[in-house]
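Residue numbers (this note's numbering), protein chains in the order written: chain A, 114 to 415; chain B, 83 to 530.
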């Protein structure tokens, strides 16, 4: 009896067994909630699956063909690229500037860091998105403030196709917190000795920034760039809540387009096809970013 | 080491049981007994319904879209029904209009539709076509759902392909709801059944005299468009053609170029929220509208949300041929899911909703004019002023309409979404009305 129990524990204690058992929760979750649904969605993308119809059949590439023939698909591509390629660089720039400011040690720096991180927690919440919409509403705070200083206070920021997307970009830039924290930790790892040596050699501050800080930061910039670009392509909530894609589809982001295909036009099959195209687009752009890596990213001379 | 875990487990168990009680507490009948005997003699429920009512038991889910007023009323009526049928428990599922259809479609996809579903004219055909709803004809014939007091025309509103798949729980009619106070101040009279020219003239005058605009195409363009097309005795959902749509888009373009049309740029952020309707919450003068194109039963909610001292009134949409254009439709129905486990309870609830006078004394036509003629005549004295206006309006439209309303096809939702885009394009001036009509007709034709 006793020896049997011991052998079971002994078995579990073996290195291989223990590690496999410990990662089981992840493996099961990964298979059940990621791989299987993904394969299902790949299958559905070739069917005419309809939300409320119980049966569906294989229709080959029709979903893909429909999707590319839809002008609103191309509007959504345009809006998404515009949004991603403006909001991501601006956000990274902003995050870097704030990280540099917060690098200085003072007694309150912990509080500042928490405060500047707050928007990226809040910014995703519906309440803040709704508030954001109200700020730029025609009778919102922004116009009221403009009116106070005697400027035109009737401009429809959310209704003019030149400005609407910028209100959303601004909201995205405001959520710079997570990039900022990553920059901050990278900045702290740059050895002081480099700065010391360069200041002894008489390098000016800007020169130190461009010759030491920035090059040593490039791996972090690269990481942030890739992560933020991916999340930029997945933007949804802001447009869904504030503009519903308007005016004239200028803020119809890709995921919003997908949502409307699935839940309003009741065609999850076509939605799945769109999801796979999105995956390919994100994959291609990430691959391109990795290709450019060797031209500008310093990875320690390896 | 072990104690904290036991405590945690106990905590979890307590929390779960609390959650369970939270769900089931709704099944406890309220203390007040059902005042069944108080219903007037002429509306005494037929015997078979009474008999089955005693035996009903089981759980069902009731789903509806609503607003705070409607939700409270619905809960009250549900409690009345449960008090009359102690063996029944009903779970509520309610969300706003837009999310309701998302949720319902998701439930349909997993074969989990609620038992009793509030249904809309624009989706009825789609749900029936996909076999999600039950044909109620046998239940009506057996008297489980008693429609003997419901006029034949109203029963017909739920007919699809020869079966009856839905029971109207309120009728309404398209109505232009306008700011009566403002119009009186400006000395403008809004008669019933305006022609298009009269409508444009009023809109221009309101804009010139008061600086207030006209929102007729932004809230839901499909309704005024359909109304105009019906004037030519055509059905835009069957053979869409550019000529049908051009007058409507020209009107949009005219409003934009002459300034009286509501600016689509100001409308973003307002769509779909009653409290944000430019009629009652416009803010500055040029972002207000003197009118909104809605439905007769919407008057209750709009009047409740209107600023102090503003009185609203309604008239039919403008049309060059009002007798053809006007129609009465079911503002909403109850349907029973095809896969329900408890037909008897579901049918009992629909029957109760149709015939119980006391239930309607609570609801007072918030969902539209009740289906049963007996109910209507009994609750009329209890109606508020707004409710009475609504009843009169619907009966006025009933007398003035000649073509019954045809249900919208399954693709209507997608076509409507495209229509909004095209209306925006015309109102922003990026395409001409002729191009808009042609491209919209082509889009609709492709899907139909």
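Note that the Cβ used here is the ideal one computed from N, Cα and C, for glycine as well.
- The three-state secondary structure of residue 241 of chain B, taken from DSSP, is strand.
- Residue 279 of chain B and residue 434 of chain B have their alpha carbons spaced roughly 46 Å apart.
- Under the Cβ distance rule, residue 361 of chain A counts among the residues neighbouring chain B, one pair being separated by less than 7 Å.
- For residue 174 of chain B, the three-state secondary structure derived from DSSP is strand.
- For residue 200 of chain B, the secondary structure class from DSSP, reduced to helix, strand or coil, is strand.
- When the beta-carbon positions are compared, residue 251 of chain A and residue 301 of chain B stay at least 7 Å from each other.
- When CB distances to chain B are screened at a threshold of 8 Å, the residues of the region 262-294 of chain A falling below it are 267, 269, 271, 272, 273, 274, 277, in chain order.
- The Cβ-Cβ distance between residue 334 of chain B and residue 505 of chain B falls below 7 Å.
- Following the DSSP letters along the chain, one finds residue 261 of chain B inside the beta strand (DSSP E) bounded by residues 256-261.
- Counting the other Cβ atoms within 10 Å of the Cβ of residue 147 of chain B gives 16 or more, which makes it buried.
- Taking 7 Å as the CB threshold, residue 506 of chain B lines the interface with chain A.
- In terms of Cβ geometry, residue 406 of chain B and residue 511 of chain B do not form a close pair [threshold 7 Å].
- The DSSP-derived three-state label of residue 295 of chain B is strand.
- Close to residue 184 of chain B, with beta-carbon spacing below 7 Å, are these residues of chain A in chain order: 376.
- Distance between residue 389 of chain A and residue 178 of chain A, taken at the CA atoms: about 13 Å.
- Look at residue 191 of chain A: its C-beta is not under 7 Å from any C-beta on chain B.
- In this structure, the CA atom of residue 218 of chain B is about 11 Å from the CA atom of residue 229 of chain B.
- Take the alpha-carbon of residue 358 of chain A and the one of residue 195 of chain A: they are about 14 Å apart.
- The alpha carbon of residue 456 of chain B has as its nearest neighbour, out of B/440, B/468, B/200, B/185, the alpha carbon of B/440.
- Residue state for residue 403 of chain B is assigned as coil, using DSSP reduced to three classes.
- By the beta-carbon neighbour count (other beta carbons within 10 angstroms, threshold 16), residue 308 of chain B is buried.
- The alpha carbon of residue 174 of chain B has as its nearest neighbour, out of B/189, B/323, B/142, B/518, the alpha carbon of B/142.
- If you check each beta-carbon in the region 335-360 of chain B against every beta-carbon of chain A, the ones closer than 8 Å belong to 345, 346, 347, 348, 349, 350, 351, 353.
- Inclusion of residue 180 of chain A and residue 386 of chain A in the CB contact set at 7 Å is warranted, their separation being smaller than that value.
- Under the criterion of beta carbons closer than 8 Å, residue 429 of chain B and residue 221 of chain B qualify as touching, at roughly 5 Å.
- Residue 289 of chain A carries a coil assignment under DSSP once its states are collapsed to helix, strand and coil.
- Residue pairing for residue 249 of chain B: DSSP places it in a beta bridge opposite B/416.
- Taking 7 Å as the cut-off between beta carbons, the residues of the region 247-258 of chain A near chain B are 250, 251, 252, in sequence order.
- Interface residue (Cβ-Cβ distance to chain A less than 7 Å): residue 200 of chain B is not classified as such.
- Secondary structure at residue 388 of chain A: helix, using DSSP grouped into helix, strand and coil.
- The residue from A/322, A/166, A/404 with its alpha-carbon nearest to that of residue 190 of chain B is A/166.
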